[in-house]
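Everything on this sheet refers to the single structure shown next.
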Amino acid sequence: MVTPDHPVIKPAARRIGGLTGNLWRLALVIGVAQFSMSVWTWQFGIYIETLIEPWQMGLTFTASSIAGLVGVPLSGYVSDFIGRRKTLLIAYIPMAIGLFFLFSFPVWPFLPIFYGLIQFGWSFVVIMARAAPADQISQDKGKDAGRTFTTVLLPAFAIDGLSPLLASFLLVSGVPQRNLLILGGIGTIIAFIVSALFVRETLDQSIQEKARSGSIITLRGLGNDFWILAVGLVGLYMSFGLAFPYLGNLVVSEWSVSTSDWGIIWCLSSLTIAALSYFGGKLADKKLKTSMVLSVLSLSLIILGHGFLSGIYTLLFINVIWGVVIVFWVASERALIVQGVGEEKKGRALSTFQALMSTAQMLMMNVGAAIWTFFGSLRFLFIIAGIVALVSTIPLSLAMRYITIGDESTRCISNQESVE
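Written out as C-alpha cells, the structure reads:
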C-alpha cells in the first residue's frame, strides 16, 4: 500500500530542474520553515544586545549550539530508521514551543533555554533538507550531486532573502523587534501542516529496514574520505564560530549601517544564492575538489574584509560575492560528504559531519565573545577569524589530494569491503 511514509520509488519519474515533484514539494516546505527562522534571526544578536551582556550573549549562542549539537546527529540517526518525513514533522514541535516562549519571556536566564529549543528543532530541518536529496542522489548513482543539493535549497534561500526585507519594512513601520518571533512561530505551524499534507517519504522502506538491522553507530562505516574531508574543513568552521554570531553587531555598531539597511543587504545576498543555486551547483559538479578549495579561500578573504573595510556599498558588494561563493561551497561540501557512503547511512553521514563542525563552532563562540570583550573591537575579532580561515585552506588543500571521486556504486562497494 502506498502511503506518505511508504512510497513507491520511481527512478524514471518526471523531473524539473533535476528534482522530482516530491523533492520540489519538500523544497517549498523547507522554504516555509526557513521563513520561520529568517524573519528574526538576522537581527537576533542586535535584539538581545539590548537585553543582556556580551558574556551572556556568548553563553546564549553556546547553549543554542549545544542544543543543535544534540539535535544534528540525533536527526540523522532517527531519519535513517523512521524516514525523513516523520523526522521533519518532529522537528517543528520544539521550534514552535521555543519561538512562542522566547516572544513571551525574553529574559535571562530563560532566553538561552528557549533559543536552544528552537535550534534543536531547526537542526532536524537542516539535516532533512540534506538527507532527502541525498536519497535521490543515491538512486542516481551520484550523478549531479552538487546541483541536487543546491537546487533543493533554492526556495529556502529565496525566502531567506525576502524575509529580512519584510522584517525591515515592519521594523521601519514601528513593529517591535520581538514581534518578529511571533511571525516565526506562525511560520513553523504552517510548515508542519504543509509537510503533513504534501510531502512524501524519500527513503525507501527497505533501506530503513536495512539501517535498523545494522549497527546504530557507524563511524568506521563512513569511510576514509569522510574523515579526511572533516579534518580539512574544521578550521573554517572554527572561524565561523569565532565571528559570525556577532556579524549583525559588527555591521550596526562598527560599520554604522542601520538595522533596516542590514536586512536589505542580507536579502540581496540570499537572493544571489537562490538565483545561482541550479547553475552554480551544476558547475561545481564538474570540479568538486577545486570548487571546494577555491570557495573556502574566497570565504576566508571575505571574513577578513569584514574586519578592514567599511561603508554600506562595500558591505553590499562583499555580501553579494559571499552569496556567489556559498553556492559553490555548499554544492562541493555536501557532494563530497555523501560520496562513497552507503544508501542506508547517508543521513548519519550528513548529521555526523554537521555535529563535528558544530562542535568546532561552539567551542569558538565563547572565545569570540572573550576577544570582543577584552579588545572592545569586533573588527579585530573578524580579522582573527579571517586569518584562522585563511590558514585552514592549507590542510584542506592537502586533504583534497587524498579524496577519490568516482562512480557512486563503485565507491560504496569499495568502502563496504574496506570496512569489513
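If you use the working numbering, the sequence shown closes out at 598, no skipped numbers anywhere. Even glycine gets a Cβ: it sits at the ideal position worked out from N, Cα and C.
- At the C-beta level, L349 and S431 stay beyond 7 Å of one another.
- Taking C-beta separations shorter than 6 Å and ignoring five residues to either side along the sequence, the partners of I480 in its chain run I496 and W500, following chain order.
- One alpha carbon belongs to L266, the other to I305, and they sit about 9 Å apart.
- F292 counts as buried, since no fewer than 16 other beta carbons sit within 10 angstroms of its beta carbon.
- Put simply, of K464, M540 and I296 the residue whose alpha carbon is nearest the alpha carbon of A509 is K464.
- Around V429, the same chain offers V435, W440 and L493 as residues with beta carbons nearer than 7 Å, after the five sequence neighbours per side are excluded.
- Secondary structure in the stretch 262–317: the alpha helix (DSSP H) runs of 4 residues or longer, each lying completely within the stretch, are 262–282 and 288–317 in chain order.
- W220 sits in coil when the DSSP states are folded into three classes, being neither helix nor strand.
- In the three-state reduction of the DSSP assignment, D322 falls in the coil class, being assigned neither a helical nor a strand state.
- Looking only at S243, F558, A307 and A462, the smallest Cα-Cα distance to F298 is reached by S243.
- Around the Cβ of E387, a 10 Å sphere holds fewer than 16 other Cβ atoms; the residue is exposed.
- DSSP places G419 within a helical segment (H, G or I) once states are collapsed to three.
- Contact between Y415 and A538 holds: their C-beta atoms lie close to 4 Å from each other, under 8 Å.
- T530 sits in a helix when the DSSP states are folded into three classes.
- Counting C-beta atoms within 10 angstroms of its own C-beta, S216 has 16 or more neighbours from the protein chains shown and is therefore classed as buried.
- Around the C-beta of I296, 16 or more other C-beta atoms lie within 10 Å, and the residue is accordingly described as buried.
- Fully enclosed alpha helix (DSSP H) runs of no fewer than 4 residues occupy 332–350 of the stretch 325–361, in order along the chain.
- Within its own chain, the residues whose Cβ lies closer than 7 Å to the Cβ of F239, once the five positions on either side in sequence are excluded, are P423 and M543, listed in chain order.
- When the Cα atoms are used, S555 and L280 turn out to be separated by approximately 29 Å.
- Cβ neighbours of R262 within its own chain (closer than 6 Å, five residues either side excluded): M306, A309, A310, T380 and L381.
- Listed in chain order, the non-local C-beta contacts of T329 below 7 Å within the same chain comprise G195, G196, L197, S455, Y456 and G459, local neighbours out to five positions each way being set aside.
- The C-beta distance from G413 to V566 rounds to 6 Å, short enough to fall under 8 Å.
- I451 sits close to V505, with the two beta carbons spaced by under 7 Å.
- For S351, the number of other beta carbons within 10 angstroms of its own is below 16, and it is reported as exposed.
- The continuous alpha helix (DSSP H) containing S575 extends over residues L556 to Y580.
- C-alpha of L332 to C-alpha of F288: approximately 34 Å in a straight line.
- Apart from the 5 residues on each side of it in sequence, T571 sits with its Cβ closer than 7 Å to the Cβ of V471, V474, L475 and S478 in its chain, given in chain order.
- The distance from the Cβ of S529 to that of Y270 is about 18 Å, inconsistent with a contact at the 8 Å cut-off.
- Counting only residues of its own chain and dropping the five nearest sequence neighbours on each side, I515 has a CB closer than 7 Å to the CB of F404, L407, A527, L528 and F531.
- Using a Cβ distance threshold of 7 Å, V250 and S301 count as a contacting pair.
- Under the three-state reduction of DSSP output, R378 falls in the coil class, being neither helix nor strand.
- In this structure, the beta-carbon distance from V207 to V377 falls below 7 Å.
- At the C-beta level, S536 and L247 come within 7 Å of one another.
- When the Cα atoms are used, R579 and S384 turn out to be separated by approximately 36 Å.
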